[in-house]
Amino acid sequence: MNLTELNRIATAMVAPGKGILAADESSGTIKKRFDAIGVESTETNRRDYREMLFRAKEAMSQYISGVILYDETIWQDAKDGTPLVKLIEQAGAIPGIKVDEGTQALPMCPGELVTVGLDKLAERLKKYYERGARFAKWRAVIDIGSGIPSMTAISVNAHALARYAALCQAAQIVPIVEPEVLMDGDHDIDRCYEVTSRVLNKTFQELRVQRVALEGMVLKPNMAISGKKCAKQASVEEVAEKTIRLLRACVPAAVPGIAFLSGGQSDQEATAHLNAMHKLGPLPWGLTFSYGRALQAAPQKAWSGRPENVAAGQAAFSHRARMNGLASRGEWQSSLEQKAA
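Using the numbering used here, the first residue of the sequence shown is number 635, and each one after it goes up by one.
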């Protein structure tokens with residue numbers, strides 16, 4: 635393992651003013667997104683959509699540091715025969731790959747899930763590296779509800795994340811470690827804070843046990859935020875303050891960077907929260923975005939599967955990428971959204 639090189643890539647992934655595009659929706663998820671805009675989810679349409687994003691020069695070269703791909707996408711070629719991975723590299727961004735194989739019910743733990751995909755992961759990583767992937771992603775899902783999460787769910791998911799991370803580093807691939815505490819419930823921000831704290835502490839404990847070099851990874855956590863169904867929604871300032879307090883308490887300074895998931899927040903909420911965190915003083919790690927829906931909802935709608943809308947889709951993507959790029963420096967203002975509208 636060449637840790638200097640892993641650290642160089644991890645640092646580039648969280649470079650100031652840039653963030654990561656999560657374009658790794660599974661076939662089922664992208665079908666839902668396409669259904670919403672009236673587009674059939676065929677392999678060609680999925681390819682055309684992602685090619686449109688990767689060819690958005692302004693967004694990709696100025697505001698996107700890396701792209702997380704789905705297994706189908708990493709092997710696809712653009713219309714002109716150029717591998718999609720090459721389009722990403724040509725724009726100056728780093729190709730990455732989602733390697734988990736989704737979730738299964740966790741035995742003896744009703745309502746809880748464990749992420750699977752460790753079998754044969756070492757061989758898959760080798761092939762992904764040869765194709766150009768320099769980082770990977772594995773998502774653990776922790777739900778908050780009545781009597782959950784259990785310590786069992788937190789432990790098995792943290793253990794799997796750490797095993798995955800060790801396999802990645804052995805394959806010279808930077809692991810994005812993503813323990814996502816979902817915001818679907820009616821819990822308040824303090825309950826989210828408490829659960830996320832337990833999840834992060836257990837995750838870093840497991841990473842140490844598995845001898846993962848913290849300098850060669852990126853953390854992709856949720857923010858400390860109210861559940862979607864909570865009657866009292868925390869303010870932007872409270873989300874920022876509690877999230878930073880949580881990360882300072884749980885994330886070692888050796889980690890080069892933290893790239894948040896948007897987790898169901900609206901486009902502007904995700905941007906505003908990230909921006910507010912950068913107002914809270916010097917931080918020990920790079921702090922940026924790794925958004926999927928919060929970067930893609932607008933371009934999907936603008937594109938709607940029509941070739942004549944490609945420029946409009948790219949403009950919408952570039953706008954969201956720029957807004958989040960500014961937020962990752964603490965330079966975003968809501969008035970910039972109005973101007974664009």
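Don't be surprised by glycine CBs; every beta carbon is placed ideally from N, CA and C. As the structure is a prediction and not an experimental result, all values here were calculated from the model.
DSSP beta-bridge partners of residue i
i       : result
Arg-773 : Glu-812
Phe-894 : Phe-923
Gly-730 : Ile-702, Phe-769
Thr-737 : Thr-749
Pro-717 : Asp-711
Gly-662 : Answer is none; Gly-662 lacks a bridge partner.
Ile-654 : Gly-700, Ser-924
Leu-853 : Val-811, Ile-892
Gly-779 : Ile-782
Classification of residue i by the beta-carbon crowding that lies within 10 angstroms, buried from 16 upward
i       : result
Thr-638 : exposed
Asn-791 : buried
Gly-926 : buried
Gln-738 : exposed
Val-843 : exposed
Gln-948 : buried
Lys-666 : exposed
Lys-652 : buried
Pro-941 : exposed
Ala-887 : exposed
Ser-979 : The first residue shown for the chain is 635 and the last is 975, placing residue 979 beyond what the model contains.
Beta-carbon proximity list for residue i, same chain, < 7 Å, skipping 5 on both sides
i       : result
Tyr-683 : Trp-937
Glu-812 : Lys-771, Trp-772, Arg-773, Ala-774, Lys-854, Leu-895
Ser-952 : Ala-690, Glu-692, Ala-693
Val-885 : Leu-834, Leu-853, Ile-892, Trp-919
Arg-825 : Ile-778
Met-686 : Trp-937, Val-944, Gly-947, Gln-948
Gly-766 : Val-719, Glu-723, Pro-729
Ala-858 : Ile-823, Cys-826, Tyr-827, Thr-830, Val-873, Lys-876, Thr-877, Leu-880
Lys-629 : No answer is possible for residue 629: it lies beyond the span of the chain, which begins at 635 and ends at 975.
Val-607 : The displayed coordinates of the chain run from 635 to 975. Any statement about residue 607 would go beyond what the structure contains.
Whole-Å CB distance - residue i paired with residue j, under 8 Å assumed
i       : j       : result
Ala-787 : Ile-778 : Not confirmed; about 11 Å, so no contact.
Leu-640 : Phe-688 : Not a contact, Cβ separation roughly 24 Å.
Ala-883 : Val-846 : That pair is no contact at about 20 Å.
Leu-917 : Ser-962 : The pair is not a contact, with the Cβ atoms about 11 Å apart (cut-off 8 Å).
Arg-994 : Leu-740 : Lying outside 635 to 975, the shown extent of the chain, residue 994 is not represented and no answer is given.
Ala-656 : Ser-924 : 6 Å
Residues near residue i by beta carbon distance below 6 Å, same chain, minus five either side
i       : result
Gly-898 : Met-817
Ala-649 : Ser-699
Arg-768 : Ile-643, Ile-728
Ala-756 : Leu-801
Ala-932 : Ala-950, Arg-954
Cut-off 8 Å between Cβ atoms - residues of its own chain near residue i, not counting five sequence neighbours on either side
i       : result
Lys-836 : Ile-788, Ser-789, Ala-792
Gly-745 : Asp-777, Gly-779, Ile-782
Glu-849 : Leu-637, Leu-640, Asn-641, Ala-644, Ala-888, Val-889, Pro-890
Gly-959 : Gly-651, Lys-652, Gly-653, Gln-696, Tyr-697
Ser-675 : Ser-661, Ile-664, Lys-665, Phe-668, Asp-669
Problem - Segment contact flag, the stretch 730 to 750 with the stretch 699 to 709, C-beta cutoff 8 Å, min 3 pairs - result: The stretch 730 to 750, when compared against the stretch 699 to 709, does touch it at the 8 Å Cβ threshold.
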